[in-house]
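The next block holds one structure in the form of structure tokens; read it before the comments.
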Amino acid sequence: MRPVPSIYAGTTNAIAVLVLLTEFAMLRTALLRSQVRLYAVQSLLVSALAVVVAAVRDVPELYALAALSLALKVVVVPWLVLRLLRDADAEIAGSGTLSVASEVLVALLVGGLGFFAVDQLHVSSRVLPTTALGLAVAVVGVSFVLMIVRSDVVSQAVGFFSLENGVSLASLVVAAGLPLILEVAFLFDLLVAVVVFGFLMRVHHSRTATLSTAALTRLRG
Amino acid sequence: MSGMPVAAVQALQPLTVLVAAPGVSGFIATAEARMQGRRGPRVLQPYYDLAKLFRKESLAPVGASAVFLAAPVLAMVCYLTVPLLIPVLTSYGLPLGYMGDILGGGIILSLASFAVAVGAAETGSPYAQLGSSRSKTFAAITEPVMLFVVFAVALVTGTDLPYAMAATVRSGADQILRPSHLLAAAALFLVILYETGRIPVEAHRSTNEFGMIEEARSFEYSGPYFALLTWGSAMKQLILYTILINVFLAPWGLSSTRDASDVVLAVVLLVAKALVIGLVVAVIDNSFAKLRLFKITEFVAAAFLLAVLAVFTLYLGGG
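Okay, here's the thing in structure tokens:
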């Protein structure tokens, strides 16, 4: 028998698990549009977790962080990417090198590796249970798998953005009291990434008339 | 303790499932039809169907051996045995309830479906054989999901008795909110959708043979034998719903005494809870499309993911 986590720990863990599940859903989904929507849902979950932590563990700075990430990651970034997608008139993500079922199994292995690696670190946190940290590392691992197996620019961009969600989740566990200015700097880093990826998508689409990266393997003179 | 004799309560468990199962199927069919704007069959229609089938003659294909005729009976016996092992009406373990654990119940359920598959393979009908081959192929990939659900239960309770899991869930909100419990319950629900032949996997009562998995196996049966098979699959559905409800989702309202009033209340509540699950299943049936046969592995991979994550979160920090 294992010790039963408290209601607070159970709730936060359940939200963190949902963050990981949305990451897996991004890996499975075939439509670019729904991938971006899933990213918005994932960001919403991370913001909700920040609010729960702020309310229960009394870390008022997290309210500001939650509000900022809600505005940026749930509204602005998905809106920008969806707008870019509308211009590109591509609907379906480049099919990966693996079938969906194998993708999920590989991602499960990678996620599990991250999960158990964290267990060996013996990190303990004041505000969140360690399980959430393991889940955050799993999110990072799965988002790497998403970027590696999918061969289109949008999946890779969304994979990169959701990697940031994983890092935010981890920072909630390890350093919830991190000075707000640093967290905000992280968020603006994300904005830079959005601009760069948006630019990349535009340029790639205008040159190859597709969002798939498969066209890049050909040598061009 | 006063009230009904233990044996009577024990006998009531399979009897409840036996009597209520066609009604639950009928309710789902009616609810589904209403959602599509159709009138649909009566809720009691499956009972009339069974009564009619039991009066009809039955034929066996030429060359089919006794196995063909024994299969529906064996399946029915299995479906009558499983309710003895799981908490259908009582929150305390009945004497025969400790004959087998969750794995024991799982083996008996698989034995029933194996018997039906062998019976179908006895016939010369290509569709029946297709169904039995498909159902065994996909059973092999849903089995790991069930195993991981059982592992999660075993890690939570230290045993794999369904009564122990139900008692753990009842013990407090902290047990319900832990992610391992939520994930294991969700994985079990997906497996139940597969096992009962519901929408993402198979269109229930459809007439398209190429999409059939479980349904195709009863093609060559007629009369009382066909009645036993349909009744059996309705019972399997209610048994699986009972496991989901009384072990994972809502193990409240079970009788904790042997008083006749408590036991009757437990019967009513069980049926009511099963109808709620049935309503959810009807909504799913109406809102998703059937998956292509080769996409079923993706559906099962999702269930597997949930079940494995349940075990992972348990290992780290007692999730």
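Note that the protein sequences, when read in sequence, are chains A and B. Count along the first sequence starting at 1, add 100, and that's the number in my numbering. Count along the second sequence starting at 1, add 1318, and that's the number in my numbering. Ideal placement from N, C-alpha and C gives every residue a C-beta, glycine not left out.
Between the alpha carbons of residue i and residue j, how many angstroms are there, rounded?
i	j	result
A309/A	T122/A	30 Å
V1598/B	L1511/B	11 Å
V303/A	A257/A	14 Å
S1498/B	L1627/B	7 Å
V1641/B	L213/A	The requested residue 1641/B is not part of the displayed model; chain B covers only 1319 to 1637.
V240/A	L1407/B	45 Å
A1491/B	V117/A	18 Å
L1387/B	A236/A	55 Å
V296/A	S134/A	21 Å
M247/A	A1458/B	31 Å
D1603/B	I1346/B	10 Å
L1412/B	A1620/B	35 Å
S202/A	L208/A	10 Å
S106/A	I1563/B	23 Å
E1538/B	R137/A	48 Å
E1350/B	V159/A	48 Å
F288/A	G1418/B	58 Å
A1367/B	D1577/B	First, the amino acid is wrong: residue 1367/B is Asp here, not Ala. Whole-angstrom Cα-Cα distance: 35 Å.
G1344/B	V284/A	57 Å
A1326/B	T1399/B	15 Å
V1342/B	K1613/B	29 Å
W1549/B	P1462/B	27 Å
G234/A	R1352/B	46 Å
T111/A	A150/A	12 Å
A114/A	V1391/B	44 Å
E1440/B	A314/A	50 Å
V342/A	L316/A	Absent from the structure is residue 342/A, since the part of chain A shown begins at 101 and ends at 321.
Y1365/B	D1580/B	27 Å
Take the Cβ of residue i as the centre, count every other Cβ of all protein chains shown within 10 Å, and call the residue buried at 16 or more, exposed below.
i	result
G1355/B	exposed
A1607/B	exposed
R1496/B	buried
V1586/B	exposed
F1466/B	buried
G259/A	buried
W179/A	exposed
M1306/B	Residue 1306/B lies beyond the residue range present for chain B, which begins at 1319 and ends at 1637; the question has no answer from this structure.
S169/A	buried
Y1543/B	buried
P1323/B	exposed
A166/A	buried
Y1416/B	exposed
K1374/B	exposed
V1618/B	buried
V292/A	exposed
E264/A	buried
F1622/B	buried
I192/A	exposed
R318/A	exposed
K1591/B	buried
A1504/B	buried
A1339/B	buried
R128/A	buried
I1710/B	Beyond the ends of chain B as shown, which are 1319 and 1637, falls residue 1710/B; an answer cannot be given.
F299/A	exposed
A1430/B	buried
Starting from residue i, follow its DSSP beta bridges and name the residues at the other end.
i	result
S1573/B	T1408/B
I192/A	L131/A
S81/A	For residue 81/A there is no data in the structure shown, the boundaries of chain A being 101 and 321.
Check the Cβ of residue i against every Cβ in chain D and list those closer than 7 Å, keeping chain order.
i	result
L1583/B	Absent from the structure is chain D; the protein chains it does hold are A and B.
Should the stretch 1332-1342 of chain B be called in touch with the stretch 216-234 of chain A, which here means at least 3 C-beta pairs below 8 Å? Between the stretch 1332-1342 of chain B and the stretch 216-234 of chain A, the count of Cβ pairs shorter than 8 Å is below three; the stretches do not touch.
query = At a cut of 8 Å, does the stretch 1566-1583 of chain B reach the stretch 1393-1404 of chain B through at least three beta carbon pairs?
reply = For the pair of segments examined, the stretch 1566-1583 of chain B was found not to touch the stretch 1393-1404 of chain B: the number of CB pairs separated by less than 8 Å stays below three.
Three or more C-beta pairs below 8 Å linking the stretch 138-147 of chain A and the stretch 169-176 of chain A:
Contact between the stretch 138-147 of chain A and the stretch 169-176 of chain A is present, because at least three Cβ pairs lie under 8 Å.
Measuring CB atoms only, is the stretch 1445-1461 of chain B touching the stretch 1518-1537 of chain B, in the sense that at least three cross pairs come out at less than 8 Å?
Counting Cβ pairs under 8 Å, three or more are found: they touch.
Under 8 Å: do the stretch 264-277 of chain A and the stretch 225-233 of chain A share three or more Cβ pairs, one atom per stretch?
Segments in contact, yes.
Quiz item: Does the stretch 197-216 of chain A come within contact of the stretch 1474-1482 of chain B, defined as at least 3 CB pairs closer than 8 Å?
Solution: The stretch 197-216 of chain A makes no contact with the stretch 1474-1482 of chain B: fewer than 3 CB pairs, one atom from each, lie closer than 8 Å.
Scan the stretch 196-214 of chain A for residues whose Cβ lies nearer than 9 Å to a Cβ of chain B and list them as they occur along the chain. Of all residues in the stretch 196-214 of chain A, S199, V200, A201, S202, E203, V204, L205, A207, L208, G211 and G212 have a Cβ within less than 9 Å of some Cβ in chain B.
Notebook entry, point to check: When Cβ atoms are compared, which residues of the stretch 1482-1508 of chain B fall closer than 7 Å to chain A?
Noted result: Hits within the stretch, in order: A1491, D1492, Q1493, L1495, R1496, P1497, L1500 and L1501.
**Prompt:** According to a CB-to-CB cut-off of less than 8 Å, which residues of the stretch 123-157 of chain A neighbour chain B?
**Reply:** Going along the stretch 123-157 of chain A in chain order, one finds F124 and R128 with a Cβ nearer than 8 Å to chain B.
Name, going along the chain, the residues of the stretch 1536-1565 of chain B whose beta-carbon falls closer than 9 Å to a beta-carbon of chain A. Cβ contacts with chain A come from no residue of the stretch 1536-1565 of chain B.
task = Check each residue of the stretch 230-245 of chain A: if its Cβ is closer than 7 Å to any Cβ of chain B, include it; give the result in chain order.
result = Taking 7 Å as the Cβ-Cβ cut-off, the stretch 230-245 of chain A approaches chain B at T230, T231 and G234, given in chain order.
| query | Got a sec: which bits of the stretch 1394-1409 of chain B sit with their beta carbon under 8 Å from any beta carbon on chain A, in order along the chain? | reply | Taken residue by residue, none of the stretch 1394-1409 of chain B has a beta-carbon sitting less than 8 Å from a beta-carbon on chain A.
Discussion item. For the stretch 253-275 of chain A, list every residue whose C-beta sits within 8 Å of some C-beta in chain B, in sequence order.
Written reply: Only those residues of the stretch 253-275 of chain A whose C-beta falls short of 8 Å from the nearest C-beta of chain B would be listed, and there are none.
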